[in-house]
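For reference, the structure discussed in these notes is given below.
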Amino acid sequence: MSELPLRIQALKTRRTDDLSGEYLLDPTHSRIGFVTRHAMVTRVRGQFARFEGRAHLDFARPEASSAQIAIEVASIDTREPHRDEHLRTNDFFDAPAHPRIVFRSTHVHPLGGTDYRVTGDLTIKATTLPVSVDFEYTGAARDPFGTTRLGFEGSTKINRRDWGVEWNAPLETGGVLVSETVVLEFEISAVPATAD
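If you want our numbering, it's the 1-based position in the sequence shown plus 64.
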């Protein structure tokens, strides 16, 4: 029998006071997604397949922490190819003209316990506006390959029209096809950055 499951069970959460430093987002174990209402009655979920990010984490002084993420718009995936192609057009994200969505933090505020509010500038289609994302620090462990991993989960709501993502269609029964409110979801696995 493989020892791998036993090693995974043996991973221990580490204290935060020895975890401060530079980290990279691990895209193969992270998810950046979104949820919006469709036809006023159900939800559509999607995500981006390609993105990169890095963070400076200071657990002793959280306000000294910072983070940034860059997302490739063309990698959008809602599990429906025709819808994804429409989302890449100027009706929505205009991926050819604006290939990346970028978030850069400006402030980190501890909310108590393992919760933090990260405020920063979100750029979509050349429009930059401030947003705040509430994150929970979900722990740290050394994986079976010897890599320290830190976990964070967060979400926030935005109005897509504020960033010029305005396309919609009216419904005969009232309302519109796509909600203006979008929930952004972040499930982050961060690993230490190696020296360049």
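By construction, the Cβ of each residue, glycine as well, lies at the ideal position given by its N, Cα and C atoms. Remember, it's a predicted structure, so these values are computed and weren't measured experimentally.
Residue burial is scored here from C-beta neighbours: Gly238 has fewer than 16 other C-beta atoms within 10 angstroms and is therefore classed as exposed. Selection Leu241, Arg224, Arg225, Asp226 evaluated against Asn232 yields Leu241 as nearest (Cα-Cα).
The C-alpha of Met104 lies about 33 Å from the C-alpha of Leu175. Secondary structure of Leu193 (DSSP, three-state): strand. At least 8 Å separates the beta-carbon of Gly110 from that of Ile133. Shown here, Pro163 sits in coil according to DSSP, grouped into three states, outside any helix or strand. The stretch 177 to 260 contains, as complete beta strand (DSSP E) runs of 3+ residues, the segments 179 to 188, 191 to 206, 212 to 223, 242 to 256 (chain order).
The bridge partners DSSP lists for Thr106 are His102.
In this structure Phe123 does not touch Leu89 by the C-beta definition: roughly 18 Å separates them, more than the 8 Å allowed. Pro126 counts as buried, since at least 16 other C-beta atoms from the protein chains shown sit within 10 angstroms of its C-beta. Three or more Cβ pairs closer than 8 Å define a contact, and the stretch 138 to 153 falls short of that threshold against the stretch 197 to 204. In this structure, the CA atom of Val229 is about 27 Å from the CA atom of Val172. Annotation for Asp158: Lys189 place their beta carbon closer than 7 Å to its own, counting only its chain and skipping 5 residues before and after. According to the DSSP assignment, His146 belongs to the alpha helix (DSSP H) that extends over 145 to 152. In this model, Glu217 and Pro163 are separated by some 25 Å (Cα to Cα).
The three-state reading of DSSP puts Asp82 in helix, counting H, G and I together. In the structure shown, the three-state DSSP call for Thr142 is coil.
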